[in-house]
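K.L.:
This structure is in structure tokens; I'll ask about it shortly.
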Amino acid sequence: MYLLAFYAFLRIGEITIKNGYSAHCIRRDNIVFIFDDDHHKPSGFELSFHSFKHSTGKSKPTLLIKSIQQPEFCPVDSLFKYCNLRDDSPGPLFMFMDGSPVTYNYFNQHLQLSLKWANLDCKVYKGHSFRIGAATTAAALGISDENIQI
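Residue numbers for the sequence shown, in the working numbering: -17 to 132.
This is how it looks when you write it as structure tokens:
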């Protein structure tokens, strides 16, 4: 979840459920893996947004995420492995084995535990830090503000 949140510039409400429902939560059918020569390992995936915080309903953007060389940090490898464990039932992309969705509170509690484990200040990092970090990284790589905001 952390890798997808960072590489796709996601808000936590786009990968979790808050108060039993989220209109913006990414579903399994929003992900399409892309296979090139090796049909066992994807080279990337497309993430289609059916809805997002500031969407007007007119456009449904698609984000292409490509594999990176470091498998332990690769969002494509991680998401592909997760999707092979998850059944194809409809609903939010991130679910527990019993089919219940990952909640906003659960995500934040485990983010805090992860930060403590890594000896990072929990007051400095929050769920929105993935999106902020992704935007900062993209800007440092020379990507325009216009493209970052999409």
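Beta carbons: idealized from backbone N, C-alpha and C, even for Gly.
Just tell me which of F27, D11, N12 has its CA closest to the CA of D18.
P.N.:
Taking only the C-alpha atoms, the option nearest D18 is F27.
K.L.:
Name the DSSP beta bridge partners of S30, please?
P.N.:
Paired residues: T44.
K.L.:
Using beta-carbon positions only, say whether P159 and R(-7) come within less than 8 angstroms of one another.
P.N.:
This structure cannot speak to residue 159, because the chain is shown only from -17 to 132.
K.L.:
Could you spell out where the beta strand (DSSP E) holding V14 opens and where it closes?
P.N.:
Counting along the chain, the beta strand (DSSP E) containing V14 begins and ends at 13 to 16.
K.L.:
Going straight from the alpha carbon of A121 to that of N87, what length do you get?
P.N.:
Approximately 30 angstroms, taken between the alpha carbons.
K.L.:
To which residues of the same chain is F62 closer than 7 angstroms at the C-beta, ignoring the five residues directly before and after it?
P.N.:
Taken in chain order, the residues that qualify are F15, P24.
K.L.:
Taking L(-14) as the reference, which of G124, G109, S126, D127 has the closest Cα?
P.N.:
Answer by Cα proximity: G109.
K.L.:
Just how far apart, CA to CA, sit S30 and H92?
P.N.:
C-alpha separation (whole angstroms): 26 angstroms.
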